[in-house]
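Enquirer: Using UniProt numbering, read the sequence shown as starting at 1 and increasing by one per residue.
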Amino acid sequence: MHRLASLLFAGVAIMAFLPRESPPDGKWVYDQFLIDKNRFHQQVQQLATYVQINAPADSLKEAFKRSRRDYKRIEWLLEFYQPFLASRVNGPPVAEIDEYEPGQTPILPTGLQVMEPYLFPTYDSAQKADLSRELKALMVYSSQLEQAIPIDKLTDTAILEAMRQQLFRLATLGITGYDAPEAKTGLTEAAITIRGLQATFQPYAERLANPLAAQIEHRWIAAIQSLEHADVDKFDRVSFIREQLYPLCRSVQQARQTLGIATPVGNRFLSPTVATLSDSGAFRVGDLINFGQFASTPEKVALGKTLFFDPLLSGNNARSCASCHRPERAFTDGKVKSRAFSGRKPVLRNAPTLINAGLQTAQFYDSRVFFLEDQAHAVMSSVHEMHISPDEMVRKLSASSQYKKWFTEAFTSGLTAPNIRNALASYIRSLTSLNARPDRYLRGENVALSDEEQLGFNLFLGKARCATCHFFPIYNGFIPPRYEKTESEIIGVPRRLKTRNARLDGDLGKFATYKKNLHRFAFKTPTVRNAALTAPYMHNGVYKTLDQVVDFYNRGGGRGIGIQLDGQTLADDPLDLTVREQKALVAFLKSLTDTTGLTQRPSRLPGIDGNKMLSERKIGGRY
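Shown next as structure tokens:
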């Protein structure tokens, strides 16, 4: 399916997840949307007029900022019902291409984020024609946005879920500068967003009794006051999330429960019942594939864990999955590039962490498969990795009466190659941990972050721009709050450790799989959780320490160290982080370490009938 059609379908699919209740009088929401939408359209028209009459640059910038502020009043409902149209109004300014469509024709971005670089930091009148073209397209979209809002579907469930998702969007994208990096209007826009949600919530507040109604009103106001007039470079985002935003989210959720308003139904990665993104159980890993025979069970997880450490799953009985994914290294191997099956030379890249691998919709550095089952198949069948066929796996495991018993208990179809893959994938999905100190701190638990860690956390969410690619709170490229796509980026990784006149590493990344020119040197955005355990860094292991990684980004990625790379998606201007700030950022990354309960190896492996006894089986294979 073409990506544009997929996005349109996604908007309809959201409505399918909502309970079929009789809609309340949600007309007030629709009427307000019309008012705000018309104001946004008029503001875009005014900006277009200013461009045509060659108004001063300051006037153009202010008109653009007003356009963005007016859009934020309607974003919550438009994103919920029609994310495709929202992407045409305020999508990221990066050309995309459908991996499965023939040809090289890109899907060009349009909207406010595309226009921003024309105006900020300085306006070049030579770009007037390009800016006018973008404004013309935006005016077409902004004139008809009400057609995306189904007035007959504006139920209480839908309204409160759209509000919840907007609060999550604000935490992950709005206050991090994701969609206004040059204008730096994210905090002002966040205040406007919350003020609009407060007005939308008012009819529900009137149905609540004190003290809950008063508590929620106080929290709306506190959040707005924290954001209004805040300095974008000095704003304490961590304290805002912990002390204002999350308490507000919890109060709104409590109000929904008090009023007896149903939650959305259906399989969704983001749990519909949690109040904040840092709550335990916020992300339901299995729901990315949790259907039919692929649904995870404790029996499958236990079986997959044993298989993961068993060298029988290799062609030479000498290596296991754990040979390259060692638990004590957060399931990496600590090598620049992982050892190949033959042992003569390494494979193309190093082994990424498997912790939280289930929290994404693309696997491998080049995103060449979507499901962990497919990843397991690719690794097993690769002549450079496990070098074993599906039939050979089944034959070898069938020599164990214990394995046959376990497969019969875990799967109705018993020991088959697809079931081997599903068991392994079920175990890897169980390697999910979102309980590091920063997570617990944001939940309000009795843990502390040092001053240095808190500074680093704020830098990650703000000045250092880390969270615009490694999205809070999962810290990988899985785009919140819809969680439907895992991003790849082109950052310009060097071949050698150099800070001047560096040469680009020759690995073509995603291009090698999909043969699309836009994918040259593109790699999946990995998680930075447990980064303290996963050195060396980048797909080629070029950086040995986190300090070196931070220095690379501080210089502006590949372009900042002399690599002339067309299409670099990472901003190439230096971050201007001080030495103290760089150290604080590293301290925060180290605080994201948490492998509790995930690293224990099985004590024994099943015996092979007529061969070695159980106690003689080796755990994990050779390293």
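No residue lacks a Cβ here, since even glycine has one placed at the ideal position from N, Cα and C. Owing to the predicted nature of the structure, the values given are computational and were not obtained by experimental measurement.
#1: Using the Cβ count rule (16 or more neighbours within 10 Å means buried), how would you classify His539?
#2: Mapping the DSSP letters down to three states, classify Phe371 as helix, strand or coil.
#3: Only counting the same chain, and skipping five residues up and downstream in sequence, which positions put a Cβ closer than 6 Å to that of Lys37?
#4: Measure the alpha-carbon distance for Tyr81 versus Leu34 and round it to whole angstroms.
#5: Residues in the same chain with beta-carbon distance under 6 Å from Met571, minus the five sequence neighbours each way, listed in chain order, please.
#6: Once you ignore the five residues that flank Arg496 on each side, which residues in its own chain have a CB closer than 8 Å to its CB?
#7: Within 10 angstroms of its Cβ, does Val265 collect 16 or more other Cβ (buried), or is it exposed?
#8: Looking at Glu484 and Thr525, is the spacing between their C-beta atoms short of 8 Å?
#9: Check the DSSP bridge columns for Thr332 and list the partner residues they point to.
#10: Along the alpha helix (DSSP H) that carries Phe269, what are the first and last residues, could you check?
#11: Let me know if Glu79 comes out buried or exposed under the rule of 16 or more other beta-carbons within 10 Å of its beta-carbon.
#12: What span of residues does the alpha helix (DSSP H) with Leu47 cover, start to end?
#13: Could you tell me the boundaries of the alpha helix (DSSP H) in which Cys466 lies?
#14: According to DSSP, is Gln253 part of a helix, a strand, or is it coil?
#15: If we call anything under 8 Å between Cβ atoms a contact, is Thr185 one with Arg68?
#16: Per the DSSP calculation, Gly111 is bridged to which residue(s)?
#17: Between which residues of its own chain and Ile479 is the CB-CB distance below 8 Å, once the five residues before and five after are set aside?
#18: Secondary structure at Thr276, three-state DSSP: helix, strand or coil?
#19: Counting C-beta neighbours from all protein chains within 10 Å, is the total for Pro50 16 or more, i.e. buried, or is it exposed?
#20: Quick check on the DSSP output: what are the complete alpha helix (DSSP H) runs of length 4 or more inside the segment 209-255, in order along the chain?
#21: Specify the secondary structure class of Ser433 as computed by DSSP and reduced to three states.
#22: Can you tell me whether Ala318 is buried or exposed, with buried defined as 16 or more other CB within 10 angstroms of its CB?
#23: Between the Cα of Gly103 and those of Asp451, Arg529 and Leu518, spot the shortest distance and give me the residue it belongs to.
#24: So what's Gly509 in DSSP terms, helix, strand or just coil?
#25: Could you give the C-beta distance for Gly304 and Ser426, rounded to a whole number, given that I count them as a contact under 8 Å?
#26: Alpha carbon to alpha carbon, how far is Pro93 from Leu108?
Expert: According to the data block:
#1: As a first step, residue 539 is located in the sequence shown; it is residue number 539 there, counting from the start. For His539, the number of other beta carbons within 10 angstroms of its own is at least 16, and it is reported as buried.
#2: Translated into positions along the sequence shown, residue 371 becomes position 371. Residue state, collapsed to three classes: coil.
#3: Here residue 37 refers to the residue found at position 37 when the sequence shown is read from its first residue. Correct list, in chain order: Ile74, Leu145 and Glu146.
#4: Counting from one through the sequence shown, the residue named residue 81 turns up at place 81. Counting from one through the sequence shown, the residue named residue 34 turns up at place 34. Between Tyr81 and Leu34, the C-alpha separation is close to 15 Å.
#5: Translated into positions along the sequence shown, residue 571 becomes position 571. Looking at the sequence provided, one finds Ala at residue 571 rather than Met. None.
#6: In the sequence shown, the residue the question calls residue 496 occupies position 496. Only Ala502, Arg503 and Val542 meet the Cβ criterion.
#7: Position 265 of the sequence shown, counting from 1, holds the residue named residue 265. Exposed is the call here.
#8: Here residue 525 corresponds to residue number 525 of the sequence shown, with the count starting at 1. Here residue 484 corresponds to residue number 484 of the sequence shown, with the count starting at 1. It is not a contact, given that the beta carbons lie outside the stated cut-off.
#9: Working through the sequence shown from its first residue, we reach residue 332 at position 332. The bridge partners DSSP lists for Thr332 are Arg326.
#10: Within the sequence shown, the letter at position 269 stands for residue 269. DSSP places Phe269 outside any alpha helix (DSSP H), giving it a letter other than H or E.
#11: Counted from its first residue, the sequence shown places residue 79 at position 79. Burial call: buried.
#12: On the sequence shown, position 47 is the one that residue 47 refers to. In this chain, the alpha helix (DSSP H) harbouring Leu47 covers Lys27 to Gln52.
#13: If you number the sequence shown from 1, residue 466 lands on position 466. First-last for Cys466: undefined, no H or E at that position.
#14: Position 253 of the sequence shown, counting from 1, holds the residue named residue 253. Residue state, collapsed to three classes: helix.
#15: Here residue 185 corresponds to residue number 185 of the sequence shown, with the count starting at 1. Here residue 68 corresponds to residue number 68 of the sequence shown, with the count starting at 1. In this structure, Arg68 lies closer than 8 Å to Thr185 by Cβ.
#16: Locating residue 111 in the sequence shown gives position 111, counting from the first residue. According to DSSP, which records beta bridges pairwise, Gly111 is partnered with Asn90.
#17: Start at 1 with the first residue of the sequence shown, and residue 479 comes out as number 479. Excluding sequence positions up to five before and after Ile479, its CB lies within less than 8 Å of the CB of Phe471, Lys485, Thr486 and Glu487, all in the same chain and listed in chain order.
#18: The sequence position of residue 276 within the sequence shown is 276, counting from 1. Coil at Thr276, not helix or strand.
#19: Sequence index remark: in the sequence shown, residue 50 carries index 50 (1-based). Strictly speaking, residue 50 in this sequence is Tyr, with Pro absent from that position. With a 10 Å radius around the Cβ and a threshold of 16 neighbouring Cβ atoms, Tyr50 comes out buried.
#20: For the alpha helix (DSSP H) assignment, the uninterrupted runs of no fewer than 4 residues enclosed by the segment 209-255 are, from N- to C-terminal side, 212-227 and 237-240.
#21: Taking the first residue of the sequence shown as position 1, residue 433 is located at position 433. Coil at Ser433, not helix or strand.
#22: As a first step, residue 318 must be located in the sequence shown, where it is residue number 318. Ala318 is exposed by the Cβ-count criterion.
#23: On the sequence shown, residue 103 is found 103 positions in, with the first residue counted as 1. Comparing Cα positions, the closest option is Leu518.
#24: Walking along the sequence shown from the start, residue 509 turns up at place 509. Gly509 falls in the strand class under three-state DSSP.
#25: Locating residue 304 in the sequence shown gives position 304, counting from the first residue. Locating residue 426 in the sequence shown gives position 426, counting from the first residue. By a beta-carbon distance limit of 8 Å, Gly304 contacts Ser426. Their separation comes to about 5 Å.
#26: Here the question's residue 93 lines up with position 93 in the sequence shown. Here the question's residue 108 lines up with position 108 in the sequence shown. Using only the alpha carbons, I get a separation of about 8 Å.
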